[in-house]
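*Asks:* Take a look at the following structure, please.
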Amino acid sequence: MKLKGQCAIVTGAATGIGFAAAKRLAEEGASVVIADIKGHEAAATDLTAKGLDVVAVTADVSRDDSVSGLVKSTMERCGRIDIVVNNAAMASQLKPGPFEQKTAEDWLRVYDVNVVGIFRMCRAVSPHMRAAGSGRIINLSSGTAFKGTPGLMQYVASKGAIISMTRALASEFAPDNILVNAVAPGFTLSENAAAKPELRPYSEMAIATRLIKRDAYPIDLANVIYFLASPDAGFITGQVIAVDGGSVFH
Ligand SMILES: NC(=O)c1ccc[n+]([C@@H]2O[C@H](COP(=O)([O-])OP(=O)(O)OC[C@H]3O[C@@H](n4cnc5c(N)ncnc54)[C@H](O)[C@@H]3O)[C@@H](O)[C@H]2O)c1
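Given below as structure tokens:
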């Protein structure tokens, strides 16, 4: 229970890696806000039934007013925000295809959620974390940013931007003891990915590149997200941890 008394927001936490992270943080004693555009009520009901301290809040990270509403309601509930996991993304719903077939609007929409969404969240929590003189921010990047995986160029570029943002945010936030890190998952069998048999070849290709020859599951990410949020990670900032069974080296 290393997070007892702390308050966390996990965006995109209705399912997949975000849900697993919210559950892991709550199991360690944190009060967790499950923020999403859909499915968050059911997710919160599930975890509340397990005795965990969670609440669902409707929040769209691509909207300024929605993000400020999320932070306001969290402050009203908890009086503090210690941990933010920026997990929400346009990810599993994207359809792979050659970059020539993508439009500028496709790019801008993905950037608005995946990249500017993190900026909005960090800007909104900044006054509260700075006033407290502490905070942990964990951003979800992707191994695709290191590999240049084909077929999803706007997504890959957005996940590369998150690595650069993580470093810049770590520099800006360091004077107030706010630590910012990222995790870069390899292909992970989140519920949405597991539900699509057409993605099985991607999973097999990913396993072939790994030193640890197995599928990745949301709990593999949740454990590292918890570590980065915990007191044990108090001397780590601006880093990207690849959680991919030993696939990329950087
Ligand atoms: N699963 C993988 O193989 C994999 C690999 C590398 C990186 N990642 C990253 O990990 C994170 C989670 O992955 P996942 O597989 O669980 O994703 P997912 O697509 O299954 O879930 C994403 C969640 O984000 C929510 N969301 C989407 N747009 C939102 C918005 N505008 N505001 C708030 N919430 C929004 C969705 O409703 C959903 O609950 C993502 O950032 C993804 O890019 C996943």
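Take any residue in the sequence shown, count from 1 to its spot, add 1: that is its number in the numbering used here.
Glycine included, C-beta positions come from ideal geometry on N, C-alpha and C.
Just so you know, these numbers come straight off a predicted model, no measurement behind them.
What residue range does the alpha helix (DSSP H) around Pro186 cover?
*Replies:* Pro186 -> not in any alpha helix (DSSP H); beta strand (DSSP E) instead, spanning 179-186.
*Asks:* When burial is assigned at 16 or more other CB atoms within 10 Å of the CB, is Pro198 buried or exposed?
*Replies:* It is exposed - the Cβ of Pro198 has fewer than 16 other Cβ atoms within 10 Å.
*Asks:* Any heavy atom of ligand 1 closer than 7 Å to the beta-carbon of Gly19?
*Replies:* Yes - ligand 1 has a heavy atom lying nearer than 7 Å to the Cβ of Gly19.
*Asks:* Name the DSSP beta bridge partners of Val33, please?
*Replies:* In DSSP, Val33 forms a bridge with Ala9, Val55.
*Asks:* Helix, strand or coil, according to DSSP, for Arg137 in the structure here?
*Replies:* Looking at Arg137 - three-state DSSP - the assignment turns out to be strand.
*Asks:* Considering only residues of the same chain and omitting the five flanking positions on each side of Ala44, which have a CB-CB separation below 6 Å?
*Replies:* These residues qualify, in order along the chain: Ala15, Phe20, Ile35.
*Asks:* Pick helix, strand or coil for Ser84, following the three-state DSSP scheme.
*Replies:* For the sequence presented, residue 84 should be read as Ile rather than Ser. Ile84: strand per DSSP, three-state reduction.
*Asks:* Look at the Cβ atom of Val241, then the Cβ atom of Ala183, and state whether they are nearer than 8 Å.
*Replies:* Yes, these two residues count as a Cβ contact at 8 Å.
*Asks:* Across which residues does DSSP place Ala243 in a beta bridge pair?
*Replies:* BP columns for Ala243 point to Ala185.
*Asks:* Which one of Pro128, Val56, Met91, Leu95 has the shortest CA to CA distance from Gly118?
*Replies:* Nearest option by C-alpha distance: Met91.
*Asks:* Which same chain residues end up closer than 7 Å to Ala1 when comparing Cβ atoms and leaving out the 5 residues on each side of it in sequence?
*Replies:* The requested residue 1 is not part of the displayed model; the chain covers only 2 to 251.
*Asks:* Hey, how far is the Cα of Ala89 from the Cα of Ala196?
*Replies:* Those two C-alpha atoms are separated by around 19 Å.
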